[in-house]
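Student:
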Amino acid sequence: MDQNEVPMKSDRPADQDQEISERGIVAIVDDNKTDVAIASLMIERHGLTPMHFDLFSDLTKFIRTARDQVKLILLDVNMPGLSGVDILKRLKRDPQYREIPIMMMTGDCSVDTVKVTITNGAVDYIVKPLDPMVFDGKLSRILQVDTSAAQKEWVEYRLNQSTNGRVSLQIPGTLVSVGELTMTVKSPMSALPGSVFSLDTSLFKDVSITSVPCRIEACTPVDDEFVIKCSIVGLSEGDLQKIRIFCKSLWKTNLATA
Amino acid sequence: MNLLNEIEQALLVQNVDTHKIGELKALAESLGRHQFLKELRQTYISTNESLIQQLRPALQAGSLDKIRQLLHQLKASAGNLGLSRLHQLCLIGELFLRVGGRDCNEFRVLLKHIELEYAATLPKLPEA
Numbered sequence: 000m001d002q003n004e005v006p007m008k009s010d011r012p013a014d015q016d017q018e019i020s021e022r023g024i025v026a027i028v029d030d031n032k033t034d035v036a037i038a039s040l041m042i043e044r045h046g047l048t049p050m051h052f053d054l055f056s057d058l059t060k061f062i063r064t065a066r067d068q069v070k071l072i073l074l075d076v077n078m079p080g081l082s083g084v085d086i087l088k089r090l091k092r093d094p095q096y097r098e099i100p101i102m103m104m105t106g107d108c109s110v111d112t113v114k115v116t117i118t119n120g121a122v123d124y125i126v127k128p129l130d131p132m133v134f135d136g137k138l139s140r141i142l143q144v145d146t147s148a149a150q151k152e153w154v155e156y157r158l159n160q161s162t163n164g165r166v167s168l169q170i171p172g173t174l175v176s177v178g179e180l181t182m183t184v185k186s187p188m189s190a191l192p193g194s195v196f197s198l199d200t201s202l203f204k205d206v207s208i209t210s211v212p213c214r215i216e217a218c219t220p221v222d223d224e225f226v227i228k229c230s231i232v233g234l235s236e237g238d239l240q241k242i243r244i245f246c247k248s249l250w251k252t253n254l255a256t257a
Numbered sequence: 000m001n002l003l004n005e006i007e008q009a010l011l012v013q014n015v016d017t018h019k020i021g022e023l024k025a026l027a028e029s030l031g032r033h034q035f036l037k038e039l040r041q042t043y044i045s046t047n048e049s050l051i052q053q054l055r056p057a058l059q060a061g062s063l064d065k066i067r068q069l070l071h072q073l074k075a076s077a078g079n080l081g082l083s084r085l086h087q088l089c090l091i092g093e094l095f096l097r098v099g100g101r102d103c104n105e106f107r108v109l110l111k112h113i114e115l116e117y118a119a120t121l122p123k124l125p126e127a
């Protein structure tokens, strides 16, 4: 054990024999048990297996045996002993762990803290108390991007993120149907009903719309995918007119899918 | 930072954010985790009872870093369960210490409010 390492109190050590989801594992390093419980719930919602590690050495030992299964590390910034930033630096220095995306969790949303974590290689951060909608958006986004390109993309994403409670989200998938106020997408990623997203999409690029504000109305698992029904909310009449034109062009060319 | 003014403002915050609890409940129910809130409540109590008891001895010993850590932990747990006022009071204490606040008399007033708020919100924690 590292001399600076302080065991984090937990009565629920990482159970390395637990059943692992095919989607993989999200490792959580946090000394607050309620944070761990809530983050685990949100991770399970994505079909991933949450694993809580008390010690940095336990985390790295586990990763060495299951590197391909660990899709993300959620790391608390403020911990006794080795801080989250110390752990982040060590992981990013070591080629064995460098490519695993790390999202920092912090109750301190000061610019300095965020800057330190991002410049040391974290792909993103989330402010505690955890908000399910924000967490969902960030997790979906991280897990679908190529991790080697993740950092740059996340920095841009963070800068573009609006502050009115909406998050920007790219849902990969196939457009099943579109109307002037609704659309349905088949996607390998789920989305939280009730969430409001700015959906970045190339679907409407022909009519010069690159981002559509949407509210997720329903998300239903069908076979290996999710059918996501969204309402388009908050578009101007001008943009709605462009979507009408787009829909008509789809119907004219008899396309049921795009 | 005027601690007493900050406390006054914090006491205006609603003590429980029922929307937060409702959101967690819906999430847990959607995963079939019907006991989740009950488990979370137990985790909250088992962790924070001890934190609360450590605050005054830490103040008497002048261990300000320790107090800051304790408040940080309590703040996170309170926020997770939608205990907005307790979260805010802990946040104020943490910030006060971070900016070098050292007025023990004012800090004792804050600790008193934190202890009272902790006790007042225990019966309001979700049972299930």
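Chains as they are written, first to last, in numbering that gives the first Met the number 0: chain A, 0 to 257; chain B, 0 to 127. Beta carbons are placed, not taken as given, at the ideal position from N, Cα and C, and that holds for glycine.
Would you list the one or two residues that DSSP bridges to Tyr69/A?
Tutor: Locating residue 69/A in the first sequence gives position 70, counting from the first residue. In the sequence on display, residue 69/A carries Val and not Tyr. In DSSP, Val69/A forms a bridge with Ile24/A.
Student: Considering only the alpha carbon of each residue, which of Val122/A, Asp75/A, Ile208/A, Phe52/A lies closest to Glu98/A?
Tutor: Locating residue 98/A in the first sequence gives position 99, counting from the first residue. Closest by alpha carbon: Val122/A.
Student: Report yes or no: is there a C-beta of chain B within less than 8 Å of the C-beta of Asn119/A?
Tutor: On the first sequence, residue 119/A is found 120 positions in, with the first residue counted as 1. Judged by the 8 Å Cβ criterion, Asn119/A is not in contact with chain B.
Student: Report the residue from Val69/A, Ile117/A, Asp30/A whose alpha carbon sits nearest the alpha carbon of Gly80/A.
Tutor: Along the first sequence, one-based indexing puts residue 80/A at 81. Comparing Cα positions, the closest option is Asp30/A.
Student: Excluding the five sequence neighbours on either side, which residues of its own chain have a C-beta within less than 6 Å of the C-beta of Val69/A, listed in chain order?
Tutor: As a first step, residue 69/A must be located in the first sequence, where it is residue number 70. The residues are Ile24, Ala26, Ile62, Ile99.
Student: Establish whether the CB of Gly46/A and some CB of chain B are separated by less than 8 Å.
Tutor: Residue numbering aside, residue 46/A sits at position 47 when the first sequence is read from its first letter. Chain B, which has no Cβ nearer than 8 Å to the Cβ of Gly46/A, makes this no.
Student: Assuming Cys229/A and Arg214/A make a contact with CB atoms under 8 Å, what is their CB distance in whole Å?
Tutor: Start at 1 with the first residue of the first sequence, and residue 229/A comes out as number 230. Start at 1 with the first residue of the first sequence, and residue 214/A comes out as number 215. About 6 Å separates the two Cβ atoms, so the contact holds.
Student: Using a Cβ-Cβ distance under 8 Å, would Lys32/A count as near chain B?
Tutor: Residue 32/A sits at position 33 when you count from the first residue of the first sequence. Judged by the 8 Å Cβ criterion, Lys32/A is in contact with chain B.
Student: Closer than 6 Å by C-beta to Met182/A: which residues in its own chain qualify, once you throw out the five before and the five after it? Chain order, please.
Tutor: As a first step, residue 182/A is located in the first sequence; it is residue number 183 there, counting from the start. For Met182/A, where only same-chain residues beyond five positions count, the Cβ hits under 6 Å are Cys229.
Student: Give a yes or no on whether the C-beta atoms belonging to Val15/B and Ser76/B are separated by under 8 Å.
Tutor: Residue 15/B sits at position 16 when you count from the first residue of the second sequence. Residue 76/B sits at position 77 when you count from the first residue of the second sequence. Against a cut-off of 8 Å, the Cβ pair of Ser76/B and Val15/B comes out as no contact.
Student: Hey, does Lys111/B have any beta-carbon neighbour from chain A nearer than 8 Å?
Tutor: Indexing the second sequence from 1 puts residue 111/B at position 112. Lys111/B does not count as touching chain A.
Student: Please classify Ser29/B: is it buried, with 16 or more other beta-carbons within 10 angstroms of its beta-carbon, or exposed?
Tutor: The residue labelled residue 29/B in the question sits at position 30 within the second sequence. Burial call: exposed.
Student: Residues of the segment 62-81 of chain B with a CB closer than 9 Å to any CB of chain A: list them in chain order, please.
Tutor: Residues passing the 9 Å Cβ filter: Gln68, His71, Gln72, Lys74, Ala75, Ser76, Ala77, Gly78, Asn79, Leu80, Gly81.
Student: Please report the residue range of the beta strand (DSSP E) in which Pro212/A lies.
Tutor: As a first step, residue 212/A is located in the first sequence; it is residue number 213 there, counting from the start. Unbroken beta strand (DSSP E) run through Pro212/A: 210-221.
Student: Compute the distance between the beta-carbons of Leu71/A and Leu142/A, then report whether it is under 8 Å.
Tutor: By 1-based counting over the first sequence, the position of residue 71/A is 72. By 1-based counting over the first sequence, the position of residue 142/A is 143. Yes; because the gap between Cβ atoms is below 8 Å, this pair is in contact.
Student: Identify whether Ile117/A lies in helix, strand or coil by the three-state DSSP scheme.
Tutor: Here residue 117/A is taken as the residue at index 118 of the first sequence, counted from 1. The answer is helix: DSSP assigns Ile117/A an H, G or I state.
Student: Would the beta-carbon of Ser20/A fall within 8 Å of that of Leu47/A?
Tutor: By one-based count along the first sequence, residue 20/A stands at place 21. By one-based count along the first sequence, residue 47/A stands at place 48. A contact, by the Cβ cut-off of 8 Å.
Student: Can you tell me whether Lys123/B is buried or exposed? The criterion is at least 16 other CB atoms within 10 Å of its CB, across all chains shown.
Tutor: Residue 123/B sits at position 124 when you count from the first residue of the second sequence. So Lys123/B ends up on the exposed side.
Student: Taking only beta-carbon positions, decide if Pro128/A is within less than 8 Å of chain B.
Tutor: As a position in the first sequence, residue 128/A is number 129, starting the count at 1. Yes - at least one Cβ of chain B is within 8 Å of the one on Pro128/A.
Student: Name the DSSP beta bridge partners of Val343/A, please?
Tutor: With chain A covering only 0 through 257, there is no way to say anything about residue 343/A.
Student: Counting only Cβ-Cβ distances shorter than 8 Å, please list the residues of the segment 34-68 of chain A near chain B, keeping chain order.
Tutor: Listed by position, the residues of the segment 34-68 of chain A near chain B (Cβ gap below 8 Å) are Asp34, Ala36, Ile37, Leu40, Met41, Glu43, Arg44.
Student: Throw me the rounded Cβ distance for the Gly120/A and Lys74/B pair, which I believe falls under 8 Å.
Tutor: As a first step, residue 120/A is located in the first sequence; it is residue number 121 there, counting from the start. As a first step, residue 74/B is located in the second sequence; it is residue number 75 there, counting from the start. Going by Cβ atoms, the distance from Gly120/A to Lys74/B rounds to 27 Å, so no, they are not a contact pair.
Student: What are the residues of the segment 79-93 of chain A that lie near chain B, defined by any Cβ-Cβ distance shorter than 8 Å?
Tutor: Residues Pro79.
Student: In chain order, what residues of the same chain lie with their CB nearer than 8 Å to the CB of Arg55/B, ignoring the 5 residues before and after it?
Tutor: Taking the first residue of the second sequence as 1, we reach residue 55/B at position 56. Correct list, in chain order: Leu110.
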